[in-house]
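Residue numbers (UniProt numbering), protein chains in the order written: chain A, 1 to 410; chain B, 1 to 410; chain C, 1 to 338; chain D, 1 to 338. The beta-carbon is built from N, C-alpha and C at its ideal position, and this holds for glycine as well.
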Amino acid sequence: MIGNKVFQLHVPEPQCRPGDTPDFSGFVVPEAGAAARPPVDVDAENIHNLAYDIIRVTDDEGRAVGPWAGSLTDEEALKGLRDMMTVRSFDARMLMAQRQGKTSFYMQALGEEAVSCAFQAALSPGDMNFPTYRQQGLLVTAGYPLETMMNQIYSNSADPLLGRQLPIMYSSKEKGFFSISGNLGTQFIQAVGWAMASAIAGDSKIAAGWIGDGATAESDFHSALVFASTFRAPVILNIVNNQWAISTFQGIARGKAATFASRGLGFGIPALRVDGNDFLAVHAVAKWAAERAHLGHGATLIEHVTYRAGPHSTSDDPSGYRPKTEAADWPLGDPLERLKKHLIAQGIWSEERHAQAQAEIDSDIIATQKRAEKNGTLHDGPHPSPKDMFDDVFANPPAHLIRQRQEAGI
Amino acid sequence: MIGNKVFQLHVPEPQCRPGDTPDFSGFVVPEAGAAARPPVDVDAENIHNLAYDIIRVTDDEGRAVGPWAGSLTDEEALKGLRDMMTVRSFDARMLMAQRQGKTSFYMQALGEEAVSCAFQAALSPGDMNFPTYRQQGLLVTAGYPLETMMNQIYSNSADPLLGRQLPIMYSSKEKGFFSISGNLGTQFIQAVGWAMASAIAGDSKIAAGWIGDGATAESDFHSALVFASTFRAPVILNIVNNQWAISTFQGIARGKAATFASRGLGFGIPALRVDGNDFLAVHAVAKWAAERAHLGHGATLIEHVTYRAGPHSTSDDPSGYRPKTEAADWPLGDPLERLKKHLIAQGIWSEERHAQAQAEIDSDIIATQKRAEKNGTLHDGPHPSPKDMFDDVFANPPAHLIRQRQEAGI
Amino acid sequence: MARMTMIEAIRDAQDICMERDDKVVVFGQDVGYFGGVFRCTKGLQEKYGPQRCFDTPINESGIVGAAIGMGAYGLRPCVEIQFADYMYPAYDQIVSEAARLRHRSNKDFIAPLTIRMPTGGGIFGGQTHSQSPEALFAHVSGLKTVIPSNPYDAKGMLIASIEDDDPVIYLEPKRLYNGPFDGHHEAAITPWSKHELGEVPEGHYTVPLGSAAIRRAGSDVTVLAYGTMVHVALAAAEETGVDAEVIDLRSIVPLDLETIKASVEKTGRCVIVHEATRTCGFGAELAALVAHHCFYSLEAPMVRVTGYDTPYPHAHEWDYFPGPARVGKALLHVMETE
Amino acid sequence: MARMTMIEAIRDAQDICMERDDKVVVFGQDVGYFGGVFRCTKGLQEKYGPQRCFDTPINESGIVGAAIGMGAYGLRPCVEIQFADYMYPAYDQIVSEAARLRHRSNKDFIAPLTIRMPTGGGIFGGQTHSQSPEALFAHVSGLKTVIPSNPYDAKGMLIASIEDDDPVIYLEPKRLYNGPFDGHHEAAITPWSKHELGEVPEGHYTVPLGSAAIRRAGSDVTVLAYGTMVHVALAAAEETGVDAEVIDLRSIVPLDLETIKASVEKTGRCVIVHEATRTCGFGAELAALVAHHCFYSLEAPMVRVTGYDTPYPHAHEWDYFPGPARVGKALLHVMETE
Ligand SMILES: Cc1ncc(C[n+]2csc(CCOP(=O)(O)OP(=O)(O)O)c2C)c(N)n1
Ligand SMILES: Cc1ncc(C[n+]2csc(CCOP(=O)(O)OP(=O)(O)O)c2C)c(N)n1
Ligand SMILES: [Mg+2]
Ligand SMILES: [Mg+2]
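Encoded structure:
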């Protein structure tokens with residue numbers, strides 16, 4: 001080529017690769033309780049710093065400290081722990097079910113359970129999430145039946161989506177959980193549209209958009225921010241920064257910026273970073289943003305700083321691109337352990353009760369799984385009718401689909 | 001609908017509509033010379049303020065003041081005036097030609113000539129612009145023949161683009177002017193790609209992307225910033241904020257943000273706002289950004305604050321959506337008048353020389369137009385062969401295109 | 001009854017839908033205060049306020065994506081893409097989202113959108129203001145795609161589209177906005193007020209999506225066309241004297257195959273006309289269907305008269321445009337072959 | 001000669017092009033350090049450095065848009081879209097930019113890109129990991145669209161694509177990556193090492209874009225297929241005993257019409273097979289062409305065996321997939337009709 005090497009392409013690289021010792025020494029963990037809690041009607045310009053900070057509530061001793069503490073009752077916090085434990089146990093069972101060939105695919109939320117469980121606890125009935133594939137915690141927290149989730153995963157005869165969708169691509173209007181799409185990013189602007197509709201209708205419901213760190217690079221991230229900014233939609237825009245997008249580290253999507261949250265500032269949208277492994281912090285920030293939306297101040301962007309402790313999906317093997325022990329070294333710890341410690345510090349929980357709860361949850365899930373499997377698994381037992389394939393493409397089947405169904409002999 | 005009016009959709013409105021008296025009292029014009037000039041290797045974080053300020057060099061008396069002054073020699077400044085006068089005169093003739101039915105369409109740069117003329121003067125041969133349809137100043141400044149431009153506008157027998165493209169959709173690799181697309185925004189990321197290629201090749205050439213205020217809402221604005229940020233591409237990303245996007249005022253695209261420039265900050269890309277009607281300021285900022293790129297510090301985002309004084313295109317009538325006299329009241333004045341005043345204040349120009357230059361330019365353009373019209377106009381005289389339509393769809397015509405050409409009888 | 005242009009008919013349809021149902025909202029680039037670059041939404045913001053008719057940022061994916069969210073909420077958005085050539089940035093939202101939503105969620109969420117877009121050439125708009133992308137929608141399961149050819153249908157079909165619970169792509173042949181253009185570009189423009197289909201009933205009525213209209217009965221050859229090409233085909237029939245049966249498909253998905261079959265079975269010959277590029281255009285589907293369903297009736301090879309497989313040219317618009325001369329030649333040709 | 005999987009052949013082709021021409025660059029999501037989710041770029045970053053093979057942000061429009069800029073500069077990018085289902089965000093850059101650049105600039109700028117994408121179903125990937133969008137490219141003037149069906153072609157056609165000065169859409173039937181899948185999903189997987197087209201020459205060679213290959217000579221009926229469906233069609237011929245001539249189109253634009261014509265003129269019958277949805281799929285174009293060019297040879301209506309016009313299902317993958325039973329039925333059917 002040209003030869004006289006003047007420019008060089010800069011290609012970001014993570015600090016560690018397989019074989020290296022994980023190194024998070026550059027990752028600054030701000031003190032819990034240190035971040036200020038601005039009034040909910042604050043202008044974005046006045047809280048730039050929160051886009052670079054990390055709001056934390058639970059300290060190393062498990063105490064809830066600082067101005068963001070206190071958003072949850074004891075009962076709510078206990079439910080939060082139970083929800084997270086449920087998600088983790090459910091994930092473990094379904095991962096195994098996939099390995100056993102009972103379904104084709106699975107995706108865990110391992111290590112990031114607090115984000116969706118705490119967030120959902122801050123919403124009101126009627127609010128609508130536009131989730132990605134890693135927000136099963138929203139459904140679990142909202143009380144969607146685990147058995148129905150399993151039926152979907154198994155594409156069995158009781159699958160509410162009739163075997164049409166890939167496992168974990170749930171949909172529940174009733175529980176405020178928008179149908180998951182396989183195409184990254186598309187749902188972020190849809191959340192804004194839903195919130196705009198709520199405003200047009202003079203309603204009081206809010207929407208929540210969800211996107212991964214990697215997917216912020218998608219163009220619909222921009223569409224969402226533009227529309228949310230212009231129309232001041234009552235929406236909470238969540239970025240789940242779990243450090244990885246399949247094999248690429250967050251630096252590929254983030255580039256030269258210090259944080260993902262800071263992307264909101266150029267839209268005049270308040271942007272807050274929160275410790276995504278701190279249940280209390282996520283809940284407090286979500287409540288703040290919900291209140292802000294409810295009072296008509298429009299959108300908030302939240303970056304949840306967490307870590308994807310498992311593989312991307314059952315099709316992935318992270319040992320090919322990151323050190324095996326990186327998850328264990330993640331400086332924000334494990335969300336379940338942290339909330340458990342907090343509850344014990346509060347005197348409302350104990351190791352014994354925890355062990356007992358764990359056993360209950362596990363056996364519940366095993367029982368549920370047995371029930372679900374009575375409805376069939378992907379390759380065995382009862383399953384939806386192939387004729388379902390032709391239904392609901394349109395509200396009423398047009399002639400060409402009727403012909404095709406006849407051709408298929410079903 | 002729901003009835004109990006809680007939320008309301010916020011729809012931004014400009015301050016004035018037809019019939020209103022234009023009101024720019026809210027538009028703060030910073031003092032010329034006041035903005036600091038940071039070193040070119042500065043980090044974006046340290047110059048946030050420049051994304052909200054307006055860098056200005058030429059003061060009301062026509063003096064060049066402050067740290068950004070002095071980037072041009074007298075000769076360069078004189079050439080700049082001449083280039084701008086040429087663009088304006090050219091635009092006026094071509095607008096008339098369109099009205100006379102000699103072509104189908106035209107777009108002026110009226111009021112924003114400084115942006116592209118001053119910018120091009122800061123580039124080096126081999127650098128590549130990815131312009132929109134309103135950067136004819138780049139071509140004029142680079143010395144592209146006006147007659148060739150006219151031939152393109154007329155789609156005549158000497159049209160370098162063989163009548164394929166809408167008028168003003170020029171292309172000149174030689175003059176560093178990428179082929180214009182009708183689809184907004186697409187070229188912004190292409191500019192980044194070109195710059196990445198220059199870096200991959202170890203070259204020293206830089207690219208410049210161009211986009212309008214309205215088109216920043218397009219998704220490829222985001223693609224461009226993401227890629228420029230991640231790969232630190234040697235590119236200058238220009239936003240021409242001329243206040244209007246056809247009938248919508250800039251508030252529709254900008255939303256709740258204070259400025260378009262601030263969008264760069266969330267990508268760690270230095271973002272500067274410049275008085276787009278101040279030739280000296282645009283040139284100085286462009287030079288700064290070019291030097292920054294040359295030294296390997298990557299991308300710069302520049303918001304040129306200007307005003308689209310004419311209609312969007314010959315298909316548009318702005319009296320339907322904005323006060324007729326708004327352009328005259330625009331607080332940053334007219335770029336030609338301002339540079340002229342500066343040159344007179346410098347003692348290197350005079351009203352007489354100006355009038356004479358104007359007469360020369362006008363008569364030159366008339367003469368050029370006569371020559372161009374010898375090659376035909378859209379509906380009259382010689383024109384490209386219809387067979388050109390079938391060429392260059394591919395490098396070598398495939399069988400089906402040869403068949404279709406035969407079918408067409410050409 | 002009133003005489004209307006297609007623009008007025010389209011505006012009227014939206015007005016009626018907004019009046020009857022406050023869930024109907026209208027938005028897009030320049031559609032609010034200004035009333036649209038083609039004026040198809042003129043007066044709607046004034047009448048219904050900026051919350052029901054508004055300007056959006058220039059982001060087609062945002063427009064359709066927001067409309068999908070609104071549809072999921074329960075509104076009924078009717079959005080404008082300024083030119084069909086600019087729908088590509090929205091294509092992902094249209095194909096992967098709007099078209100799939102009902103099916104993938106088992107009716108939990110639906111996308112009752114209407115996406116209007118001016119289509120086709122004939123206005124010296126060059127390659128990015130002239131395209132006819134209907135085939136790119138027709139191939140996508142879950143979308144309805146319709147193309148009116150006159151004010152009467154424009155209004156009735158737009159009301160039907162807005163009231164439809166499925167996403168409908170509503171293509172507006174921009175060359176027909178002001179008159180029934182038959183391809184004779186050198187002639188003076190005929191206004192809709194001189195055309196019987198410029199008669200538009202007041203108030204609410206619908207033209208069902210999926211039914212074709214026979215614009216000219218004939219026995220020699222069936223011409224399948226839609227949008228501007230209907231008028232071109234009629235002119236070609238007149239000028240050649242071929243007794244063509246000209247079918248205005250109006251809707252390409254769903255398609256009125258019965259009307260097509262009945263006609264081809266009668267005539268035994270078929271010419272297919274569209275302005276879009278030929279390869280894999282909707283004419284290919286029509287030819288495939290006719291070849292399959294009317295195999296035993298066909299007496300001569302079908303001919304497709306279409307835009308060439310090149311970008312839409314500026315200077316050579318009339319060489320590219322499938323005008324009456326090209327269609328007429330095809331009519332004579334299929335009459336000669338057998 | 002070496003035995004290779006299609007994955008290895010694709011990797012090898014890129015390796016050879018990068019080795020021979022330092023203007024060739026490879027990038028996309030997960031293609032750099034990790035070597036691609038299907039491992040088609042494994043080892044390239046290690047060998048050529050991160051400046052020539054790198055990971056990109058997840059933005060398909062950015063990937064193609066940047067590649068266009070690079071092409072205009074003078075590089076020769078070969079980019080990966082992780083699944084063809086995810087090409088829609090890049091569709092504007094592909095259609096409005098890459099496909100038009102040479103023509104609209106009168107050769108001032110070109111877009112010599114190769115855009116690779118895994119296509120098709122059969123892996124229980126559900127509706128967003130199974131699509132076959134080739135028709136959406138075929139309709140666009142200025143794009144070449146090719147689909148290899150075996151390692152030998154995969155390598156030779158990818159080298160030809162990268163060396164081609166036009167934008168080439170290179171679709172990789174992901175169900176064929178590891179073996180010649182004939183649709184018998186219940187059977188054990190046959191590896192490419194057991195197939196003669198798994199024999200791949202070392203070093204540089206090309207398979208020209210636009211030439212079809214006859215995979216099975218026959219006299220009863222012509223089967224037009226590409227990608228996975230070639231193997232399905234061969235199985236169907238074997239199993240039904242119908243003496244089908246199976247043509248592997250390999251490239252749909254440009255199309256080898258001569259080979260198709262010669263075959264249909266010989267057999268008088270034609271079955272068209274693809275996995276994409278039927279309406280306006282590439283099969284429609286094939287049917288239209290055959291109906292036009294072979295009108296006098298056809299002895300029975302053509303049949304299209306395709307994916308249904310529904311989203312690609314998860315649970316009912318094998319009901320949807322046009323497998324050997326469905327193709328076989330069509331073969332028998334066209335043999336019975338006349
Ligand atoms: C449009 C599109 N492009 C690519 C993909 C393939 N893909 C699926 S998940 C993924 C990574 C997403 O990473 P991130 O957004 O960080 O979410 P996470 O998986 O970490 O939760 C990619 C590239 C896709 N699904 N859609
Ligand atoms: C993708 C796309 N959408 C819409 C349009 C129609 N359009 C052409 S120019 C324009 C306004 C652009 O405004 P701005 O970016 O501010 O540039 P300006 O005209 O002011 O220079 C619009 C909406 C287009 N050309 N491309
Ligand atoms: Mg991630
Ligand atoms: Mg503008």
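With a CB to CB cut of under 7 Å and the five nearest residues on each side skipped, what residues in its chain are close to residue i?
{"i": "residue 37 of chain D", "result": "30 and 82"}
{"i": "residue 437 of chain B", "result": "Missing from the structure shown is residue 437 of chain B; chain B here goes from 1 to 410 and no further."}
{"i": "residue 283 of chain A", "result": "71, 72, 118, 121 and 122"}
{"i": "residue 354 of chain A", "result": "340"}
{"i": "residue 268 of chain A", "result": "44 and 229"}
{"i": "residue 27 of chain B", "result": "331"}
{"i": "residue 55 of chain A", "result": "35, 68, 272, 273, 274, 275, 281 and 285"}
Using DSSP bridges, identify the partner residues of residue i.
{"i": "residue 302 of chain B", "result": "B:238 and B:272"}
{"i": "residue 144 of chain D", "result": "D:168"}
{"i": "residue 76 of chain C", "result": "C:24"}
{"i": "residue 177 of chain B", "result": "B:129 and B:172"}
Between residue i and the rest of its own chain, which residues show a CB-CB distance below 6 Å, the 5 nearest in sequence each way excluded?
{"i": "residue 83 of chain A", "result": "117, 140 and 141"}
{"i": "residue 336 of chain B", "result": "84"}
Any heavy atom of ligand 2 closer than 6 Å to the beta-carbon of residue i?
{"i": "residue 226 of chain D", "result": "no"}
{"i": "residue 93 of chain C", "result": "no"}
I'd like the list of long-range same chain contacts for residue i, defined as Cβ closer than 8 Å, with 5 residues on each side in sequence excluded.
{"i": "residue 2 of chain B", "result": "Since pLDDT at residue 2 of chain B reaches only 49, below the 50 mark, its modelled position is unreliable, and the value read off the structure follows with that caveat. Within the same chain, residue 2 of chain B has no close Cβ partners at all."}
{"i": "residue 12 of chain B", "result": "249, 251, 252 and 255"}
{"i": "residue 337 of chain D", "result": "300 and 301"}
Please indicate yes or no: does the CB of residue i lie closer than 6 Å to some heavy atom of ligand 3?
{"i": "residue 318 of chain D", "result": "no"}
{"i": "residue 436 of chain A", "result": "Examination of residue 436 of chain A is not possible in this model, given that chain A is present from 1 through 410 alone."}
{"i": "residue 242 of chain A", "result": "yes"}
Is the Cβ-Cβ distance between residue i and residue j less than 7 Å?
{"i": "residue 61 of chain C", "j": "residue 179 of chain A", "result": "no"}
{"i": "residue 170 of chain C", "j": "residue 114 of chain C", "result": "yes"}
Closer than 6 Å: is that where the CB of residue i sits relative to any heavy atom of ligand 4?
{"i": "residue 245 of chain B", "result": "yes"}
What do you reckon, is the C-beta of residue i under 6 Å from a heavy atom of ligand 1?
{"i": "residue 184 of chain A", "result": "yes"}
{"i": "residue 86 of chain D", "result": "yes"}
>> Does the region 152-159 of chain D come into contact with the region 95-104 of chain D, if we say contact requires no fewer than three beta-carbon pairs (one atom in each stretch) closer than 8 Å?
In response: no
>> Pairs of beta-carbons, one from the region 142-149 of chain C and one from the region 70-79 of chain C, closer than 8 Å: are there three or more?
In response: no
> Any chance the region 25-32 of chain B sits against the region 53-60 of chain B, with 3 or more Cβ pairs inside 8 Å?
Replying inline: yes
>> Does the structure place the region 129-141 of chain C close enough to the region 274-294 of chain C that three or more beta carbon pairs sit under 8 Å?
In response: Counting C-beta pairs closer than 8 Å gives three or more between the region 274-294 of chain C and the region 129-141 of chain C, which meets the contact rule.
> Should the region 140-158 of chain B be called in touch with the region 62-70 of chain D, which here means at least 3 C-beta pairs below 8 Å?
Replying inline: no
> Counting Cβ pairs closer than 8 Å, one from the region 314-331 of chain B and one from the region 286-304 of chain B, do we hit at least three?
Replying inline: no
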